[in-house]
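Have a look at the structure below, then the notes.
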């Protein structure tokens, strides 16, 4: 699909690493927008739209050891830079433990892939049971990218249908619905989906195929023992 | 089994909640001991012996919100006391969030059950592949409680054999071997075992039976979808 592609100015200190772009159609009227497909959801359910933007573009979880080294989450495409380049931005990878580096580096992804992930996640949200109705122009946009919207969205891992309401419930301060990856080390639109928190935790660092084979082995042993 | 049962003085502020007792045989010679079955392991592998004592007698994980309310871990039998009684010890349950109270309360257990858990865990450790050889007198003691020691210890959850060496490895600062519960809400010798960290995490708050049924459902859906 073609986009307008004009630069959208952001005040990020990483702006010269990657310019944010407009993803409206070429020759559109009015303002450029990076996430035009989230415009409706941002009005009806701002927290969910923000979550999609955050999960698609930012790494998760790896806290920096040195206080001035950077934020807890960081832009995924910034993590494509070399250690030397990161140092110019005040991010000292050497200040991090090896396992933290591995964790944060494997979440790296280029800008275009991140946008496609955001589109895929939005497409999935509108197909959840009880989701707000998708405005026609956004539906067209999403379907052009990801295909016809007619199925109920299922958890990527346990494959049970997901209720939109699950976004609003939380246990012990943690959302019950998470962005998850069929292969935790690849962040692109084919590889992402939504999953129950408990499913995502159970999958852990395994690929979905590895996870299925793992639990198949467990059941095989359990059934022959009991 | 009968024990000497004499009181062992501890300097715990919870001593009047529950006196620590001697678990050597009645009429034994020499010093009273609370964990005589751990005497050998405490010499060869102090960290593992300490882990068994800790996991069998202390709750895990629930941090107290108020700084003067108490420690991060607390004796399991102290958590059997009522809110009113705990307040006398400076532990204000009302300062905790409801989900933390639930989590910590479900880890409560009486003193005798905790000791039986410690015996069971010790019995399991000596049956792991590569474990130190169990001295004859301790073997007799353990077998009198838990049965003949002849099998290799398996992970309670995935049922694969556990290597003793796994106690020494750790990932991201977390031990790879954890004390786990067939039913996470019951702390007694029938209900405890050792499990891989990833297995324990995957089981989560489910009973082992619930976990097996859950993953059986996942595979059923995955196999019919793929």
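Chains as they are written, first to last, in this note's numbering: chain A, 948 to 1173; chain B, 948 to 1173. The beta-carbon is built from N, C-alpha and C at its ideal position, and this holds for glycine as well.
Residue of 1129(A), 1139(A), 1169(A) and 969(A) minimising C-alpha distance to residue 1152(A)
1129(A)
Counting contacts by CB-CB distance shorter than 8 Å, is residue 1169(A) in contact with chain B?
yes
Do the CB positions of residue 1003(A) and residue 1061(A) come within less than 8 Å of each other?
yes
With DSSP run on the structure shown, which of helix, strand or coil describes residue 1061(B)?
helix
For residue 1016(A) and residue 1034(A), what's the separation of their Cα atoms in angstroms?
For residue 1016(A), the pLDDT reaches just 40, beneath the cut-off of 50, and the residue's location in the model is therefore unreliable, although a value from the coordinates is still provided. Going from the Cα of residue 1016(A) to the Cα of residue 1034(A) covers about 9 Å.
For residue 1114(B) and residue 995(B), which I take to be in contact (beta-carbon distance under 8 Å), what is that distance rounded to the nearest angstrom?
5 Å
Can you list the residues of chain B that residue 1145(A) reaches, using a CB-CB cut of under 7 Å?
1151
Any C-beta of chain B under 8 Å from that of residue 992(A):
no
Who does residue 1105(B) pair with in a DSSP beta bridge?
Looking at the DSSP assignment, residue 1105(B) forms no beta bridge with any residue, so it has no partner.
In chain B, what lies closer than 9 Å to residue 1127(A) by C-beta?
The contacting residues do not exist; residue 1127(A) stays about 14 Å from chain B at best.
Along the chain, where does the alpha helix (DSSP H) that runs through residue 1164(A) open and close?
1155-1172
Using only CA atoms, which one of 1141(A), 1096(A) and 1049(A) lies nearest to residue 1068(A)?
1141(A)
Beta-carbon neighbours of residue 1162(B), restricted to chain A and to distances below 7 Å
1162, 1165 and 1166
Assuming residue 955(B) and residue 981(B) form a contact by the criterion Cβ under 8 Å, report the distance between their Cβ atoms to the nearest whole angstrom.
5 Å
Residue 1043(A) to residue 1024(A), Cα distance in whole Å?
18 Å
Which same chain residues end up closer than 6 Å to residue 961(B) when comparing Cβ atoms and leaving out the 5 residues on each side of it in sequence?
1022 and 1025
So, residue 969(A) versus residue 986(A), is the Cβ gap smaller than 8 Å?
no
With the cut-off set at 8 Å, would you say residue 1093(A) and residue 1066(A) are in Cβ contact?
yes
Backbone CA spacing between residue 993(A) and residue 950(A) [nearest angstrom]
24 Å
Under the three-state DSSP convention, the category residue 962(B) falls into:
coil
Please classify residue 1006(B): is it buried, with 16 or more other beta-carbons within 10 angstroms of its beta-carbon, or exposed?
buried
Quick one: does residue 1051(B) have its CB under 8 Å from some CB of chain A?
no
Would a C-beta distance cut-off of 8 Å place residue 1100(B) and residue 1124(B) closer than the cut-off?
no
Report the rounded CA-to-CA distance for residue 975(B) versus residue 1131(A), giving the unit in angstroms.
57 Å
Integer Cβ distance of residue 1028(B) from residue 964(B), believed to fall under 8 Å:
7 Å
Leaving out five residues on either side along the sequence, give the residues of the same chain with a beta carbon under 7 Å from the beta carbon of residue 1053(A).
1132
Determine, for residue 1105(A), whether the minimum Cβ-Cβ distance to residues of chain B falls below 8 Å.
yes
CB contact flag (residue 1076(A), residue 1110(A), <8 Å)
yes
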